[in-house]
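Protein chains in written order, with my numbering: chain A, 38 to 385; chain B, 38 to 385. Taking it in order: structure first as structure tokens, then the write-up.
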DNA sequence: CTTTAGCACTCCGGGGAAAGGAGTGCTAAA
DNA sequence: TTTAGCACTCCTTTCCCCGGAGTGCTAAAG
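Quick look at the structure:
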């Protein structure tokens, strides 16, 4: 027995109806929603076949049919119509992204909240470096004999700074030499290399200068590693509570804990602009009854961000996918190829 | 009829039992938990009185009694035993606070999460400046003709920096003059005053310098206002779902939305170390069925932080209060009177 | 061979009624 | 003033019944 076109059409109707209503779909309903006119009896035969083929499931005898993960998969791969965003929706997305360009992090988490309220499912976001971030410029601004501000400019164009308290007094005259040294020997290299080179110059400098140097490098190493690391934030977990499948407080609590606590193992995309994971396709146990849609976007030339939506398996894939990719595109445009925008904040 | 000691004792038993079980408390239960031995019939008489006095409520005839807000209030004011933290608990608190001293914000929200998991209720946190934050030092580091890093040191000892893109080329020679101007005229004053003074010098500078100056000031104003503003973060909203009173998904959703979206109007303390708000004592409609315990702590000399716990009216006031003040004390100690700790980060 | 109509059957879900239980209020005695 | 006893109330749980939605099967029609 193979999958005829009519079977596919029926599957499509079942999936879409179930997405809308969260109720098992019966043969009569299907018959009335189908294009050509067929009787419910015919549909019933087809339905029995679709169950045998594994695309549908029956909660119990004499209930309607519900799509199985395999059914959703087929729907997503073949049947789903690429949904276009309406003008109004595009407007709304752009508007959401018209936030005052503050720091990257804030924009990202704000975007996450926006997406969440837009698709009515929880979202999560992360940014990962494509390349290693390196230092590209140092400055030291003496405040007084015992303190000094380090300013570090990174290859990602972000600037970070910190006030250092010094153990030993430092002769202000010597600072410029140190800055020159920093800029000539510690820029454009990995953090491991930076530590290495620090060791090399250890005995060529007076102790108080070396101390300042190593404090500076320690700070830079921290900052660079932090910048390269991906941080994950989630938003809109409460949306879950609106869905009938999570009216059971225990279930909701379980998934919510997973989203807020163990976010490390949320699905991350390999490549490609978008990925859909349905139910058991998720590795994490906690997500086995839910689906995830992830999209990625570019941040400048060397970073890649990611934004995902978590929802029930019957989530409205077409709409979510369309909106999510709308956002991803918007974000790419926002801090896209041309480098970070002029008013990019030094991550505060 | 007045409130005898025995009535108070009964009230105490009712409150504590109800806190534990979330079920109305019956006369027999009370009799068995009371010190002196009295029969349930006696208790029943007393209970009827307590209802008349408004300290207890009866969900319906022939159900047990439940404390009214007035009853909780009396309990909190008079009956509640100041609970001591066990050694193990103190340990645990200190341990939670032993996080690598990173930026203030991060510590605060981390503390929030810790408290939340420790009391099993959602928490919220905010830091507010006691005094206005002002700029105390500016620096401009030219990167190239068209860009420049501003470094701003604030009176709170925090350092922020940003890369500015310039509209017009600036002669590098002139930068030092500008820095001098900034440090002499724009430090130690309010943001309003800064804007004022900016206007005053408008026609005394060549246009490209003035542009740079105003960009710098605009950034500083933003940064200062941001630093003075209180930001509120919440944590552990999911804890709600564990409580029987929020098994109803609608209720949980409502409160959760309030916590995550409209946090502006969460109760803030006036003064004193701790405040307990019970049910209707809360102004916000959304909190009228819940209680809030807020504690405050000091950050350096000029800031004050606040940490609150939201829970059902039957929340375990004694324990929550003890643990919360444990945390508040710990936080005060952590970045207490002696000024910010040496490794205080420039908010990244 | 496929489609359709008809029909008996299954199973869920809602609506009472009945049973059980916890707790009260009242009365009368200690 | 306290206590024991008892009838009563009202919630909760359970059970059962019934209606409806939907199925599977069979037999007839295209």
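Cβ coordinates follow ideal geometry from the N, Cα and C atoms, glycine included.
Remark: C-beta atoms of residue 200/A and residue 196/B approach each other more closely than 7 Å. When the Cα atoms are used, residue 217/A and residue 224/A turn out to be separated by approximately 11 Å. Proximity of residue 116/A to chain B, defined by a Cβ-Cβ separation below 7 Å, is not satisfied. The DSSP-derived three-state label of residue 306/A is coil. Taken through DSSP and simplified to helix, strand or coil, residue 175/A comes out as strand. For residue 69/A, the secondary structure class from DSSP, reduced to helix, strand or coil, is helix.
In the structure shown, residue 158/A adopts coil according to DSSP, grouped into three states. Assignment of residue 335/B by DSSP, reduced to helix, strand and coil, places it in the strand class. Across the segment 291-319 of chain B, CB contacts with chain A closer than 7 Å involve 293, 294 and 297, in sequence order along the chain.
Measuring C-alpha to C-alpha distances from residue 108/A to each of 87/A, 96/A and 99/A identifies 87/A as the nearest. At a cut-off of 7 Å, the C-beta of residue 216/B has no neighbouring C-beta in chain A. In this structure residue 299/B is exposed. Its beta-carbon is surrounded by fewer than 16 other beta-carbon atoms within 10 angstroms.
Within the segment 39-126 of chain A, the complete alpha helix (DSSP H) runs of at least 4 residues fall at 42-58, 64-70, 77-90 and 106-111. The beta carbon of residue 264/A does not come within 7 Å of any beta carbon belonging to chain B, so the residue lies off that interface. Around the beta carbon of residue 320/B, fewer than 16 other beta carbons lie within 10 angstroms, which makes this residue exposed. Assigned with DSSP and collapsed to three states, residue 273/B falls in coil, not helix or strand. DSSP places residue 198/B inside the beta strand (DSSP E), whose first and last residues are 196-202. Taking 8 Å as the cut-off between beta carbons, none of the residues of the segment 320-333 of chain A comes near chain B.
Where residue 215/B is concerned, the enclosing alpha helix (DSSP H) starts and stops at 212-222. Taking CB atoms only, residue 278/B has a neighbour in chain A less than 7 Å away. The beta carbon of residue 269/A does not come within 7 Å of any beta carbon belonging to chain B, so the residue lies off that interface. Secondary-structure assignment with DSSP links residue 281/A through no beta bridge to anything. Look at residue 316/B here: in three-state DSSP terms it is helix. Cβ contact annotation for residue 246/A (same chain, cutoff 7 Å, sequence separation greater than five): 207, 211 and 215, in chain order. At a cut-off of 7 Å, the C-beta of residue 186/B has a neighbouring C-beta in chain A. Contacts with chain A at 7 Å (Cβ-Cβ) include residue 198/B. At a cut-off of 7 Å between beta carbons, residue 176/B contacts chain A. Residues of the segment 232-264 of chain B with a C-beta atom less than 7 Å from some C-beta of chain A do not occur.
Using a CB distance below 7 Å, no part of the segment 86-113 of chain B faces chain A. Scanning chain A for C-beta atoms nearer than 9 Å to the C-beta of residue 289/B yields 275, 278, 286 and 289, reported in chain order. In this structure, the CA atom of residue 40/A is about 22 Å from the CA atom of residue 316/A.
By the neighbour-count definition (other C-beta atoms within 10 Å, threshold 16), residue 76/B is an exposed residue. Closest in alpha carbon position to residue 369/A, among 280/A, 356/A and 310/A, is 310/A.
Within chain B, the residues 200 have their CB atoms less than 8 Å from the CB of residue 194/A, given in chain order. It is roughly 7 Å from the alpha-carbon of residue 205/A to the alpha-carbon of residue 183/A.
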